[in-house]
Every structure is written in structure tokens, then in C-alpha cells.
Amino acid sequence: KGYQIGDVATDFNLKGTDDQMHSLASIKDVKGYVVIFTCNHCPFSVAYEDRIIALQKKYGPKGFPVIAINPNDDVAYPSDSFENMKIRAKEKGFNFPYLYDSEQKIYPQYGATKTPHVFLLDQDRKVKYIGAIDDSTEPEKVEQTYLSDAIEALLKGREPNPNYTKAIGCSIKVRK
119 KGYQIGDVAT DFNLKGTDDQ MHSLASIKDV KGYVVIFTCN HCPFSVAYED RIIALQKKYG
179 PKGFPVIAIN PNDDVAYPSD SFENMKIRAK EKGFNFPYLY DSEQKIYPQY GATKTPHVFL
239 LDQDRKVKYI GAIDDSTEPE KVEQTYLSDA IEALLKGREP NPNYTKAIGC SIKVRK
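In my numbering, each residue's number is its place in the sequence shown (first place is 1) plus 118.
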């Protein structure tokens, strides 16, 4: 089932493409967290990579860092292996931690079902927004910037509206 709006997300400790372990608690001086489940192989995720980089560039310095997590089974999808994650992060110049949910324990806690799937948390790790980054896989056709709007609301001391949208993307590949 996963988290609902208002739930408090548990922390995690996952290995990143920088070969370091990362947790929410290890990120200091935040106003919140932008947790995005994504991967290498999904065309939806690939279509959003530049926008995720831009989100980190814009909102990381304002206290809302992006943390990307790959939840997929790398046996079924070798392009989603940890080694391939490292290659992708370097090729694209990811400016955020790209973590591997190798045991597939974190994405079910969150209730992530797609890549990409966003969970916006406040500084107390309370879930404030769940869903899509925006309303189009094609950047030039975006009309609704759901995630940016939700972050802006939190920066102004308001609750995001909407606080839930349907994530659009590839299904998470579960290990059999």
C-alpha cells in the first residue's frame, strides 16, 4: 500500500553511485526531501532526467534536495545494474545522489509503483506530495508543474494543492 499524505517516511541507508551510503538523516540543513524512484531503462525516466537535474539545481540550494532511487531488479533488466547506474550518472552529470534499492525494500514502503514516482517530504519526513513530476513526458508540452508547485507551496508555508497526482511511467520491475 505504501505511504499516504501525512505519513512519516522511515529513513533508509542505500549505496549511491558515488560508492557511499546515503540516508535522509545524513543530509543536513534541509526543509524537505524530493525522493524520486527512477531507473536507467525506462523511457519515461530517461525523458525526465534533465528535468530532475534542473529540479536539483533549483531546489537543492533552497533546502529541497533530490534523492533518486533505482528500485528495479537488475537480473531481469541488466541496464538497471549498479554498474550501469554509475555509468548513467556520470554520462548525464547527475547532481544528486542516485541510490540503488538492491534488496527492493524501500520502494514498497513508499508505495512506489512507477518510474519515475515522486514523494515530497517535509523536514520531518512527513509526506506532503505523491505523484508525477509534471503533466507531460515532453518538456515543451508541460502545462502543470506539479512537483515544482508543491515545493513552492511548502517554501511559502502552505500545503501543496494538489498533493496527489497519478505517476506515469514504467512499472517497477520486481525480483521474482
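Ideal placement from N, C-alpha and C gives every residue a C-beta, glycine not left out.
Check the C-beta distance from residue i over to residue j and give it rounded, since I have them as a contact under 8 Å.
{"i": "D147", "j": "G181", "result": "7 Å"}
{"i": "D137", "j": "N188", "result": "Not a contact, Cβ separation roughly 15 Å."}
{"i": "G342", "j": "A285", "result": "Absent from the model: residue 342. The displayed extent of the chain is 119 to 294, so no value can be given."}
{"i": "Q222", "j": "R293", "result": "6 Å"}
{"i": "F162", "j": "P280", "result": "About 20 Å; that fails the 8 Å criterion."}
For residue i and chain D, any beta-carbon pair shorter than 7 Å?
{"i": "G287", "result": "The structure shown contains no chain D, having only a single protein chain."}
Can you name the residues that DSSP bridges to residue i?
{"i": "H235", "result": "F155"}
{"i": "V245", "result": "L239"}
{"i": "V292", "result": "Partner(s): none; V292 has no beta bridge."}
{"i": "Y282", "result": "I248"}
Apply the 10 Å Cβ neighbour rule to residue i and answer buried if 16 or more other Cβ atoms are within range, or exposed otherwise.
{"i": "R276", "result": "exposed"}
{"i": "V126", "result": "exposed"}
{"i": "G124", "result": "exposed"}
{"i": "G134", "result": "buried"}
{"i": "A143", "result": "exposed"}
{"i": "E167", "result": "buried"}
{"i": "T128", "result": "exposed"}
{"i": "A194", "result": "exposed"}
Using only the alpha-carbon positions, how far apart do residue i and residue j sit?
{"i": "C160", "j": "I185", "result": "18 Å"}
{"i": "Y247", "j": "I205", "result": "30 Å"}
{"i": "N158", "j": "E209", "result": "12 Å"}
{"i": "D242", "j": "K291", "result": "30 Å"}
{"i": "H140", "j": "A268", "result": "24 Å"}
As an exercise, report each continuous alpha helix (DSSP H) stretch of at least 4 residues that is fully enclosed by the stretch 159 to 234, in chain order. 161 to 177, 200 to 210 and 224 to 228
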